[in-house]
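Undergrad:
Number of protein chains: 2
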Amino acid sequence: MIPFQPILDSLKSYEAGKPIELVVREFGIKPEDVIKLGSNENPFGCAPEVVEIVCNAATKMSLYPDDSYLDLKNALAQKFEVTPDRIIPGNGSDQVLDFACRSVLTPGDSILINRITFAMYKIYALQCGANVHSTESVPHDLNAFLDLTKAVKPKIVFLCTPSNPAGDALSKNEVYEFLNQISPDTLVVIDAAYMEFGSKKDPKKFIPAKEITDLYPNVFYTGTFSKAYGLGGMRIGYGIGNSELIGNLYKMRPPFSVTNLSAFAATEALKQQKYVNDYLENNLQQMKRYEKFAADNSIEFIDSYANFITLFVRKHGKTSSEICQSLLRQGIILRDLKSYELNAIRITIGTPQQNDRVLFALNKELN
Amino acid sequence: MIPFQPILDSLKSYEAGKPIELVVREFGIKPEDVIKLGSNENPFGCAPEVVEIVCNAATKMSLYPDDSYLDLKNALAQKFEVTPDRIIPGNGSDQVLDFACRSVLTPGDSILINRITFAMYKIYALQCGANVHSTESVPHDLNAFLDLTKAVKPKIVFLCTPSNPAGDALSKNEVYEFLNQISPDTLVVIDAAYMEFGSKKDPKKFIPAKEITDLYPNVFYTGTFSKAYGLGGMRIGYGIGNSELIGNLYKMRPPFSVTNLSAFAATEALKQQKYVNDYLENNLQQMKRYEKFAADNSIEFIDSYANFITLFVRKHGKTSSEICQSLLRQGIILRDLKSYELNAIRITIGTPQQNDRVLFALNKELN
């Protein structure tokens, strides 16, 4: 018997959103008839220029990536107005979150997270043998974070803003006020996976990566190409901090963890800002249709700063699981938040046509 | 100051083979004039059918991968005649090696490796706070492994066969004899990244993944698409073991770590066995040119079962670093093994045309 290390006993894997392949397999629905609004992907796909770059580079798949990821880091450095040595790339921002955990946490340490938040913080921390403390409210409550930071002395605090899967967002002022009051020995991760959506809706929610990591050397800012940039399948994210912080995280980084095609795609995607902006605009406009639907049907929801809306369906005589399962049979993939202990459904804002179909199906389901 | 965990002080990053981009940047050589034979990539690239599949799938880059990787696992299951639950995919076989380390090792544990071997075993073990013991000879010496296994009681033993960067390979009989003599509590990793090359040259070097993991539940067999299949840039590897072992390693696996295009590419690559076999044939034939060159120039080398040859150049009045640097200025990337404390050069066997140029340049350099 292999002596697996004791931490393994307490671990469980991440529950991913359902893929189209699963719906095709389980319900015999044609792939082109499946609407996937369960994983907060860009429903328009990535920019056509990015597809073209990848096709042109496909003959280079045999070559290992340039492990310095210089072109990608230069492009990100320009976008965020930092030097490239303040950037670490990762296999999705997931992986840079893992670097942060593994660089800091040893068994018995603590982390602090929001009650409802991205599941990977907890999973990575548990893999390090750390204890996970969380606040009690669904939206982020920084007073609760402050109290708990003093009480449990976490090595890492995770703030997800805009927040997944609830959709709330913190303002820059709130975050700075929080940072002013906690010890500079506490690593604060600002997971900004949905920042493009949040700052489009309200500039006060914009957290400037350079400024915050200049002012607070204990801040690690993370971002992704999986959401606004439409590259969820290509697994590219990044972290930004001061160069000393990044140098330390680099020690936990394996080589080549971003594919060469992913790096080419991300570098090109950063050039296609108009495409991204059009998508952000669609997101804002189409979000209003779901808000109206919720209001019309007395469904509670949280004002969302992301590319999804979370509907609390407890008053409707059906559980979120029943509703999601019924829509799944019709080829519509939404995210049941039961695993977050919420009787709620998270719906990615789709294209106008996708939203037509979802709203029609939801209407039938709830009325 | 962030309290980074103490293990970080002892870590250093992997030294990757030089990318073409670096030679272009540093020496102003056109990309098309650079010959990259430093990273044991397939010099012919991947099969054209794989390129086509990837181009056709490029519009799906926005969609997260099917995290079950069912199609890829089914294809691998067929190749290796095991059930899919005995397979774990990874971001290169690197990542499944990391899963093995993190599932077993805690600070103070030991691993045992060959003196000259793939650098990541040590890096991943050190990240877990483990101690690294190694044998003394350049090729694998299983008697030395056996003695040290008894002496240092490693939690994991790594056998790399065919071995990188030396090129030697163990026979199935030797490996089984070793496994018969050690405790079933010791995890034995068989890194078979170069297995396709080794078993082509000599069937006795073939280690059957199903049989070995059936007979020895403490064996974890790993393979990759980066070498024979020509997908080094796409980061796809896999591990095979009994289902209980794989279930445990899955607990350390982050979701989505293989991109969707990589999974499509690998699944298609497995269908293109004739393409791969032609490459293996070229490798064997072209290897002979380097062996003859070495013999003609009294250069020591190890009989290689991989897609590279390692030349020991100590008798030639120049260090491996001087020779590699000189060839680099001519646009030829080879791997200097100085970082392995060998005065040796590892050369990936290229296309006939690439080998013409390398042998011409080496001849000038050494005579």
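Note that the protein sequences, when read in sequence, are chains Y and W.
Going left to right, the first sequence walks through residues 95 to 461 as the working numbering numbers them.
Going left to right, the second sequence walks through residues 95 to 461 as the working numbering numbers them.
All residues carry an ideal CB built from backbone N, CA and C; glycine is no exception.
The structure displayed is predicted, hence computed values, not measured ones.
Taking C-beta to C-beta, are residue 149 (chain W) and residue 149 (chain Y) nearer than 7 Å?
TA: Yes. Within cutoff.
Undergrad: Who pairs with residue 130 (chain W) in a beta bridge, going by DSSP?
TA: Its beta-bridge partners are W:427.
Undergrad: What is the C-beta distance between residue 228 (chain Y) and residue 207 (chain Y), in whole angstroms, given that I count them as a contact (C-beta under 8 Å)?
TA: Yes, they are in contact, since the Cβ atoms of residue 228 (chain Y) and residue 207 (chain Y) sit about 5 Å apart, within 8 Å.
Undergrad: Taking DSSP as the reference, what is the three-state secondary structure of residue 411 (chain Y)?
TA: Here residue 411 (chain Y) sits in coil by DSSP.
Undergrad: How about residue 342 (chain W): is its C-beta nearer than 7 Å to some C-beta of chain Y?
TA: Residue 342 (chain W) counts as touching chain Y.
Undergrad: Between which two residues does the beta strand (DSSP E) holding residue 149 (chain Y) run?
TA: From DSSP, residue 149 (chain Y) is part of no beta strand (DSSP E) but of the alpha helix (DSSP H) over 142 to 151.
Undergrad: Pull up the CB-CB distance for residue 352 (chain Y) and residue 312 (chain Y), whole angstroms please, since I reckon it's below 8 Å.
TA: The pair is not a contact, with the Cβ atoms about 26 Å apart (cut-off 8 Å).
Undergrad: Since residue 195 (chain Y) is in the alpha helix (DSSP H), which residue starts that stretch and which ends it?
TA: Run containing residue 195 (chain Y): 186 to 198, per the alpha helix (DSSP H) assignment.
Undergrad: Let me know if residue 161 (chain Y) comes out buried or exposed under the rule of 16 or more other beta-carbons within 10 Å of its beta-carbon.
TA: Buried, because 16 or more other Cβ atoms sit within 10 Å of the Cβ of residue 161 (chain Y).
Undergrad: Relative to the C-alpha of residue 426 (chain W), which candidate in W:99, W:120, W:334 has its C-alpha closest?
TA: Here the closest residue by C-alpha is W:120.
Undergrad: Does the count of Cβ pairs from the stretch 208 to 217 of chain Y and the stretch 152 to 172 of chain Y closer than 8 Å reach three?
TA: Not touching, per the Cβ criterion.
Undergrad: Under a CB-based cut-off of 7 Å, is residue 136 (chain Y) close to chain W?
TA: Taking Cβ atoms only, chain W reaches closer than 7 Å to residue 136 (chain Y), which makes this a yes.
Undergrad: Name the residues in the stretch 415 to 426 of chain Y whose C-beta lies less than 8 Å from a C-beta of chain W; which are they?
TA: For the stretch 415 to 426 of chain Y, which is checked against every Cβ of chain W, not one residue is closer than 8 Å.
Undergrad: Got a sec: does the ligand SAM put a non-hydrogen atom nearer than 6 Å to the Cβ of residue 388 (chain W)?
TA: This structure simply doesn't include the ligand SAM, nor any ligand for that matter.
Undergrad: What did DSSP end up calling residue 217 (chain Y) once you bin it into helix, strand or coil?
TA: Residue 217 (chain Y) falls in the helix class under three-state DSSP.
Undergrad: Could you tell me which chain Y residues have their CB closer than 7 Å to the CB of residue 153 (chain W), listed as they occur along the chain?
TA: Simply 139, 145.
Undergrad: With a cut-off of 7 Å, does the C-beta of residue 367 (chain Y) fall near any C-beta of chain W?
TA: No - not a single Cβ of chain W is within 7 Å of the one on residue 367 (chain Y).
Undergrad: How many angstroms separate the CA atom of residue 407 (chain Y) from the CA atom of residue 450 (chain Y)?
TA: About 20 Å.
Undergrad: In angstroms, rounded to a whole number, what distance separates the CA positions of residue 334 (chain Y) and residue 177 (chain Y)?
TA: Distance between the alpha carbons of residue 334 (chain Y) and residue 177 (chain Y) is about 10 Å.
Undergrad: Give the secondary structure of residue 114 (chain W) by DSSP, where H, G and I count as helix, E and B as strand, and everything else as coil.
TA: Looking at residue 114 (chain W) - three-state DSSP - the assignment turns out to be helix.
Undergrad: Verify whether the separation of the beta carbon atoms of residue 328 (chain W) and residue 193 (chain W) is less than 7 Å.
TA: Cβ distance not < 7 Å, so residue 328 (chain W) and residue 193 (chain W) don't count as in contact.
Undergrad: Please list, in chain order, the chain W residues whose beta carbon lies closer than 8 Å to that of residue 158 (chain Y).
TA: Simply 110, 111, 113, 133, 135, 320, 326, 327.
Undergrad: Provide the residue span of the beta strand (DSSP E) that contains residue 317 (chain Y), from first to last.
TA: That run of the beta strand (DSSP E) goes 313 to 318.
Undergrad: Under a CB-based cut-off of 7 Å, is residue 149 (chain Y) close to chain W?
TA: Answer yes: the Cβ-Cβ gap between residue 149 (chain Y) and chain W drops below 7 Å somewhere.
Undergrad: Taking the DSSP output, what are the residues bridged to residue 402 (chain Y)?
TA: Looking at the DSSP assignment, residue 402 (chain Y) forms a beta bridge with Y:442.
Undergrad: Check this for me: beta carbons of residue 400 (chain Y) and residue 291 (chain Y), under 7 Å apart or not?
TA: Cβ atoms of residue 400 (chain Y) and residue 291 (chain Y): closer than 7 Å.
Undergrad: Would you kindly work out how many angstroms separate the C-alpha atoms of residue 114 (chain W) and residue 330 (chain W), rounded to a whole number?
TA: Whole-angstrom Cα-Cα distance: 21 Å.
Undergrad: Show which residues of chain W have a CB atom less than 7 Å away from the CB atom of residue 197 (chain Y).
TA: Within 7 Å Cβ-Cβ: 98, 99, 102.
Undergrad: What's the call for residue 309 (chain Y), buried or exposed, on a 16-neighbour Cβ count within 10 Å?
TA: Classification of residue 309 (chain Y): exposed, given that the 10 Å Cβ count is below 16.
Undergrad: Under 7 Å between beta-carbons, which chain W residues line up against residue 285 (chain Y)? List them in chain order, please.
TA: Those within 7 Å of residue 285 (chain Y) in chain W number zero; the least Cβ separation is about 15 Å.
Undergrad: What is the DSSP secondary structure of residue 139 (chain Y), counted as helix, strand or coil?
TA: DSSP places residue 139 (chain Y) in coil when its eight states are reduced to three.
Undergrad: Run through DSSP, which three-state label would residue 301 (chain Y) get?
TA: It is coil, neither helix nor strand.
Undergrad: Residues of the stretch 357 to 381 of chain W in Cβ contact with chain Y at a cutoff of 7 Å, in chain order, please.
TA: Answer in chain order: 359.
Undergrad: Ends of the alpha helix (DSSP H) at residue 252 (chain W)?
TA: Not the alpha helix (DSSP H): residue 252 (chain W) falls in the beta strand (DSSP E), residues 250 to 254.
Undergrad: Taking CB distances under 7 Å as the criterion, tell me whether residue 200 (chain Y) reaches chain W.
TA: Closer than 7 Å: yes.
Undergrad: Is residue 228 (chain Y) helix, strand or coil when you go by DSSP?
TA: Three-state result, residue 228 (chain Y): strand.
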